[in-house]
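To start, the structure itself, in structure tokens.
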Amino acid sequence: MRLIEKVGLVSIGLVAGVAASLHLAANADKESLATPLPIEELRAFSEVFGRIKSDYVEPVSDKKLINEAIKGMVSGLDPHSDYLDPEAFKELQVGTQGEFGGLGIEVGMEDGLVKVVSPIEDTPAFQAGIKSGDLIVKLDDTLVKGLTLNDAVKRMRGKPGSKIVLTIVRKDEPKPLVFTLNRAVIKVQSVKSKLADSGYGYVRITQFQEHTGENLAAALSNLIKQNQGDLKGLVLDLRNDPGGLLTGAVGVSAAFLAQDALVVYTEGRTEDAKMRLSATPSNYLRGEAKSDYLKDLPASIKTVPLVVLVNGGSASASEIVAGALQDHKRAVIMGTQTFGKGSVQTVLPLNNNAAIKLTTARYYTPGGRSIQAKGIVPDIVVEDPSSPDSEGNFRLREADLDKHLVNDKDSDKAATPAPANTPASNGESGKTTTPKSKPAEFGSKNDYQLNQALNLLKGMQILQGK
Numbered sequence: 128m129r130l131i132e133k134v135g136l137v138s139i140g141l142v143a144g145v146a147a148s149l150h151l152a153a154n155a156d157k158e159s160l161a162t163p164l165p166i167e168e169l170r171a172f173s174e175v176f177g178r179i180k181s182d183y184v185e186p187v188s189d190k191k192l193i194n195e196a197i198k199g200m201v202s203g204l205d206p207h208s209d210y211l212d213p214e215a216f217k218e219l220q221v222g223t224q225g226e227f228g229g230l231g232i233e234v235g236m237e238d239g240l241v242k243v244v245s246p247i248e249d250t251p252a253f254q255a256g257i258k259s260g261d262l263i264v265k266l267d268d269t270l271v272k273g274l275t276l277n278d279a280v281k282r283m284r285g286k287p288g289s290k291i292v293l294t295i296v297r298k299d300e301p302k303p304l305v306f307t308l309n310r311a312v313i314k315v316q317s318v319k320s321k322l323a324d325s326g327y328g329y330v331r332i333t334q335f336q337e338h339t340g341e342n343l344a345a346a347l348s349n350l351i352k353q354n355q356g357d358l359k360g361l362v363l364d365l366r367n368d369p370g371g372l373l374t375g376a377v378g379v380s381a382a383f384l385a386q387d388a389l390v391v392y393t394e395g396r397t398e399d400a401k402m403r404l405s406a407t408p409s410n411y412l413r414g415e416a417k418s419d420y421l422k423d424l425p426a427s428i429k430t431v432p433l434v435v436l437v438n439g440g441s442a443s444a445s446e447i448v449a450g451a452l453q454d455h456k457r458a459v460i461m462g463t464q465t466f467g468k469g470s471v472q473t474v475l476p477l478n479n480n481a482a483i484k485l486t487t488a489r490y491y492t493p494g495g496r497s498i499q500a501k502g503i504v505p506d507i508v509v510e511d512p513s514s515p516d517s518e519g520n521f522r523l524r525e526a527d528l529d530k531h532l533v534n535d536k537d538s539d540k541a542a543t544p545a546p547a548n549t550p551a552s553n554g555e556s557g558k559t560t561t562p563k564s565k566p567a568e569f570g571s572k573n574d575y576q577l578n579q580a581l582n583l584l585k586g587m588q589i590l591q592g593k
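Using our numbering, read the sequence shown as starting at 128 and increasing by one per residue.
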């Protein structure tokens, strides 16, 4: 099997209206493994198949039984492997281009139930107030229990403008919450930027898409132009970024790292699953790219003081960027521990125009760390006092997902997060006054974590001056 793209995609799960990220393989034809087929288990499968055909209360077609068997076989492996029918496969390919139909929810499967990993900014789900950790129990009048993740996502997709009712269980809420959402064509703006203060830039990446690297380069050049000179410091915001294209993650890392610096490497059972990706144009430029979009960036971008903001919604490609910049000591990582998805999914197209999305490798930071089920521990832990997480509420992470891959370096001592920096307490030991109002918008003047990042950068500027 040869890959169409040596560098593919990585991601956390499925999005309601967008597809998961993955490696894209040319076909699913591999050389037959030497291991013989398990005769007894195949006999059991044949017997069950026959019993259903003869005894089930209603007639069932062979096609349906075989398709359901394939779904169960693949989805039973781990939370991220799945069978994609032709329609789902097509939508997955379209979804990585930054425009898709749906609600804008990044979701995962846990014990047969759908949990929200993160709502995507500026989407119906985000605007309605759906939060990370919410448990979706009903879609319109259909109970989610018993549906596959792919089936649940299909039900959340639909014609733009059409309504869907989500019934959600949220920790510490006494009864289920009901949300009525209007489906929409989701257009995700991958990169947002502004001058947060005189001389200090702010760049937010909401999702890693085909053109994220190019958009970042344009945003950085524009910030320097607006500032009428080199920046004194820069904040790169990856909070609630669920991941996306691996090429985008490598390109973003390459913008700040030295030429040819290692960004990430992967290890799997097949040769195709073993890669070393560095800050080299061939590792982040996709096939249609005509020139290196980073070559004209000012040299100061490689040395500008940098703070990267992360939280529990930062997953996969976001963790690759944070881990690379942390290992190379290029940036200070600030915020809260990340999601912890350290596996790579490969899409293997099938002859029936469907595909399987299969976990084929683990990825590692340049220093050899696996973040699988652990995440990236920030250099400076800063909780968001306006977020429900600051009250200790449940935050879904990779380690919470049923059948998640274990961390193959678990014998290593994981770093212990430092005590969180929090605003003034209410006078009671161990408790912090937390606003009950709506969480502050990322990048706004009330964004506590951003303000702490800017304070750190200004302190670094003063020290450099001395």
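Even glycine gets a Cβ: it sits at the ideal position worked out from N, Cα and C.
Given the structure is predicted, the values throughout are model-derived calculations rather than measurements.
Quick one: any contact between the segment 422-435 and the segment 398-405, if contact means 3 or more CB pairs under 8 Å? no
So does the segment 195-212 actually touch the segment 478-493, counting three or more Cβ pairs closer than 8 Å? yes
Do you know how far the Cα of S208 is from the Cα of V379? Residue numbering aside, residue 379 sits at position 252 when the sequence shown is read from its first letter. Residue numbering aside, residue 208 sits at position 81 when the sequence shown is read from its first letter. For V379 and S208, the distance between alpha carbons rounds to 26 Å.
Where P251 falls, given that 16 or more other Cβ within 10 Å makes a residue buried: Sequence index remark: in the sequence shown, residue 251 carries index 124 (1-based). So P251 ends up on the buried side.
When you compare the CB of T374 with every CB in chain D, is at least one pair closer than 7 Å? No chain D is present in this structure, which holds just one protein chain.
Pull up the CB-CB distance for H455 and A388, whole angstroms please, since I reckon it's below 8 Å. Position 328 of the sequence shown, counted from the start, is the residue given in the question as residue 455. Position 261 of the sequence shown, counted from the start, is the residue given in the question as residue 388. Rounded, the Cβ-Cβ distance is 6 Å, consistent with contact.
Alpha carbon of K501 to alpha carbon of R489, nearest angstrom: As a position in the sequence shown, residue 501 is number 374, starting the count at 1. As a position in the sequence shown, residue 489 is number 362, starting the count at 1. If I take the Cα positions, the gap works out to 13 Å.
Candidates Q334, L343 and K302, of which the one nearest K321 by Cα: For the purposes of this step, residue 321 is identified with residue 194 of the sequence shown, where counting begins at 1. The option with the nearest alpha carbon to K321 is L343.
Ordered list of beta strand (DSSP E) runs contained in the segment 384-453, each at least 3 residues: 389-395, 402-405 and 433-437
Reducing DSSP to helix, strand and coil, say where I498 ends up. Along the sequence shown, one-based indexing puts residue 498 at 371. If DSSP states are grouped into helix, strand and coil, I498 belongs with coil.
Shortest alpha-carbon distance to Q355 belongs to which of Q472, I332 and G328? The residue labelled residue 355 in the question sits at position 228 within the sequence shown. That would be G328, whose Cα lies nearest to the Cα of Q355.
CA-CA distance, S173 and A279? Residue numbering aside, residue 173 sits at position 46 when the sequence shown is read from its first letter. Residue numbering aside, residue 279 sits at position 152 when the sequence shown is read from its first letter. Their Cα atoms are separated by approximately 28 Å.
Straight-line gap, L581 to G450 (C-alpha atoms, nearest Å): As a first step, residue 581 is located in the sequence shown; it is residue number 454 there, counting from the start. As a first step, residue 450 is located in the sequence shown; it is residue number 323 there, counting from the start. Approximately 21 Å, taken between the alpha carbons.
By DSSP's criteria, N309 is part of a beta bridge. Which residues make up the other side? For the purposes of this step, residue 309 is taken as residue 182 along the sequence shown, with counting starting at 1. BP columns for N309 point to K290.
Looking at the strands, I want to know which residues DSSP matches up with D209. Numbered from its first residue, the sequence shown carries residue 209 at position 82. Bridge partners of D209: K484.
Anyone know if the C-beta pair for T487 and V471 falls short of 7 Å? Translated into the one-based positions of the sequence shown, residue 487 becomes position 360. Translated into the one-based positions of the sequence shown, residue 471 becomes position 344. Taking 7 Å as the Cβ cut-off, T487 and V471 qualify as a contacting pair.
Taking the continuous alpha helix (DSSP H) assigned at Y575, which residues delimit it? Residue 575 sits at position 448 when you count from the first residue of the sequence shown. Start and end: Y575 to G592.
Helix, strand or coil for V184? Go by DSSP, reduced to three states. The residue given as residue 184 occupies position 57 in the sequence shown. V184 falls in the coil class under three-state DSSP.
When the Cα of R310 is compared with those of L230, K242 and S325, which residue comes out closest? Reading the sequence shown from its first residue, position 183 is the one you call residue 310. Closest option to R310, Cα to Cα, is L230.
Three-pair Cβ contact test at 8 Å for the segment 345-360 versus the segment 436-443: no
Distance CB(G371)-CB(A444) smaller than 7 Å: For the purposes of this step, residue 371 is identified with residue 244 of the sequence shown, where counting begins at 1. For the purposes of this step, residue 444 is identified with residue 317 of the sequence shown, where counting begins at 1. A contact, by the Cβ cut-off of 7 Å.
When you compare only the Cα positions, how much space is there between I447 and V390? Within the sequence shown, the letter at position 320 stands for residue 447. Within the sequence shown, the letter at position 263 stands for residue 390. Going from the Cα of I447 to the Cα of V390 covers about 7 Å.
Assign F335 to one of three DSSP states: helix, strand, or coil. For this step, residue 335 is matched to residue 208 along the sequence shown. In the structure shown, F335 sits in a strand (DSSP, three-state: E or B).
Should N534 be labelled buried (16 or more other beta-carbon atoms within 10 Å of its own) or exposed? Counting from 1 along the sequence shown, the entry for residue 534 is found at position 407. With 16 or more Cβ atoms within 10 Å of its Cβ, N534 is classed as buried.
D324 versus Q588: straight-line alpha-carbon distance, rounded: The residue you call residue 324 lines up with position 197 of the sequence shown. The residue you call residue 588 lines up with position 461 of the sequence shown. Rounded to the nearest angstrom, the two C-alpha atoms are 13 Å apart.
Would I351 and P425 qualify as a contact pair, given that the criterion is a beta-carbon distance under 7 Å? The residue labelled residue 351 in the question sits at position 224 within the sequence shown. The residue labelled residue 425 in the question sits at position 298 within the sequence shown. Cβ atoms of I351 and P425: closer than 7 Å.
If you follow the alpha helix (DSSP H) that L192 is in, where does it begin and where does it stop? Residue numbering aside, residue 192 sits at position 65 when the sequence shown is read from its first letter. Run containing L192: D189 to S202, per the alpha helix (DSSP H) assignment.
Given this structure, state the Cα-to-Cα distance separating P303 from E248, to the nearest angstrom. As a position in the sequence shown, residue 303 is number 176, starting the count at 1. As a position in the sequence shown, residue 248 is number 121, starting the count at 1. Roughly 23 Å between the two C-alpha positions.
Based on Cα-Cα distance, which residue from D364, A406, F383 and N349 lies nearest to D374? Here residue 374 corresponds to residue number 247 of the sequence shown, with the count starting at 1. Asp is not the amino acid found at residue 374; the sequence shown has Thr there. Ranking the options by Cα distance to T374, first place goes to A406.
State buried or exposed for N277, treating a residue as buried only when at least 16 other CB atoms are found within 10 Å of its CB. As a first step, residue 277 is located in the sequence shown; it is residue number 150 there, counting from the start. N277 comes out buried.
Can you tell me whether D324 is helix, strand or coil according to DSSP? As a first step, residue 324 must be located in the sequence shown, where it is residue number 197. It is a strand residue.
Name the DSSP beta bridge partners of V362, please? Position 235 of the sequence shown, counting from 1, holds the residue named residue 362. V362 pairs with Y329 and V434.
Apart from the five residues just before and just after P163, which ones in its own chain have a Cβ nearer than 7 Å to its Cβ? Counted from its first residue, the sequence shown places residue 163 at position 36. Taken in chain order, the list of residues that qualify is empty.
Three-state secondary structure (DSSP) at K468? Locating residue 468 in the sequence shown gives position 341, counting from the first residue. DSSP places K468 in coil when its eight states are reduced to three.
Put T275 into one of helix, strand or coil per three-state DSSP. The count along the sequence shown starts at 1 and reaches residue 275 at position 148. In the structure shown, T275 sits in coil (DSSP, three-state: anything other than H, G, I, E or B).
Candidates Q453, A526, F335 and I313: which alpha carbon is nearest P493's? For this step, residue 493 is matched to residue 366 along the sequence shown. P493 has its Cα closest to that of Q453, out of Q453, A526, F335 and I313.
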